[in-house]
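K.L.:
For the record, in the sequence shown the residue sitting at position 182 is 203 according to the working numbering, with numbers rising by one throughout. Think of the CB as a built atom: it goes at the ideal place given N, C-alpha and C, for glycine as much as any other residue. Below is the structure I would like to discuss, written out as C-alpha cells.
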Amino acid sequence: MKKVLTFISIISIVGVLASCGNEETTTKPKPKTCEQIEPCKTALQYATYVEQGASDKAYNMETKDEDLVSYDNEKEAKEHVLSDYKQYQDRQIKKYGLLEYEVIPDKKYIYKFKFEDFRNGEVKNLTVGVSRKNDKYLTNSYIGGALKSDVKYKGAIVPYKKYYSNGLTKQDKTTFSPEPIESY
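Laid out in C-alpha cells, this is it:
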C-alpha cells in the first residue's frame with residue numbers, strides 16, 4: 022500500500038512541476054494586431070489617408086461635426102489634392118511598426134508609426150492621436166511628433182505596447198521599430 026501511495030505522490034508532484042512553466046502562457050491572451058484594436062485601426066486608417074494624400078478623408082476623421090468640410094468650395098479642394106493622388110488612392114500601409122500609448126484608459130491614445138513612404142520608399146515616422154468621444158474615435162496628427170508631456174498620465178509616463186504588421190522579418194522589425202517618445 023505504501024508503494025502505491027508513494028508512486029501516486031511522485032506522479033502528482035511531477036505533474037505539478039511540469040505544469041508550473043505553462044501557467045503564464047495559457048492564462049495570457051494572445052497579443053492582438055493593430056487591425057483588431059479599434060483605436061489602433063482608426064489611427065492606421067488615418068495614417069494611410071495622410072500617406073495617400075487624401076487630406077479630405079483625414080480631415081473628416083479629425084472633426085466632431087460631420088457637416089464640416091475642409092475647403093470652402095470644390096475648386097479650392099481640387100487645388101489641394103496631390104497631383105499623384107490617383108496613383109496612391111488604393112494603397113494601404115502594409116509594413117509598419119508602432120508604439121501604442123494608452124494615455125487615458127479607453128479615452129486617449131497616441132500612436133507612433135514607422136513605415137515606408139509610398140512615394141520615395143524612405144522609412145518615416147508619423148504620430149497620431151486618437152480620442153474617444155462617445156462611440157466614435159477622432160484623430161489628430163502631431164506635427165513634429167509628440168512630446169514626453171503628451172504621454173504622461175497623472176504625472177507619470179505611461180508604458181507603451183509595440184505592434185508590427187503581420188509577416189515582417191526580423192530585419193523588417195528592426196527597420197520599422199519606432200523610438201519611444203519618452204527617449205526624446
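1. Give me the residue from G176, R153 and I131 with the minimum Cα distance to Y163.
2. Kindly indicate which residue of G150, C61, N187 and V71 has the alpha-carbon position closest to the one of R140.
3. Under the DSSP definition of a beta bridge, which residues are partnered with N161?
4. Provide the residue(s) that pair with A177 in DSSP beta bridges, ordered along the chain.
5. Can you pull the DSSP bridge partners for E121?
6. Please work out which residues of its chain come closer than 6 Å, Cβ to Cβ, to K145, disregarding the five sequence neighbours upstream and downstream, and give them in chain order.
7. Give a yes or no on whether the C-beta atoms belonging to I178 and E203 are separated by under 9 Å.
8. In the structure shown, what three-state DSSP assignment does E97 receive?
P.N.:
Short version:
1. Sequence index remark: in the sequence shown, residue 163 carries index 142 (1-based). Considering only alpha carbons, the answer is I131.
2. For the purposes of this step, residue 140 is identified with residue 119 of the sequence shown, where counting begins at 1. Checking every option, the nearest Cα to that of R140 belongs to V71.
3. Along the sequence shown, read from residue 1 onward, the residue named residue 161 stands at position 140. For N161, DSSP records a beta bridge to G150.
4. Counting from one through the sequence shown, the residue named residue 177 turns up at place 156. The bridge partners DSSP lists for A177 are Y174.
5. Taking the first residue of the sequence shown as 1, we reach residue 121 at position 100. DSSP lists Y132 and K182 as partners of E121.
6. In the sequence shown, residue 145 corresponds to position 124, counting from 1. Here K145 has D138 as same chain residues with Cβ atoms under 6 Å from its own Cβ, once five neighbours each way along the sequence are excluded.
7. Within the sequence shown, numbered from 1, the residue matching residue 178 stands at position 157. Within the sequence shown, numbered from 1, the residue matching residue 203 stands at position 182. Yes.
8. Your numbering for residue 97 matches position 76 in the sequence shown. It is helical.
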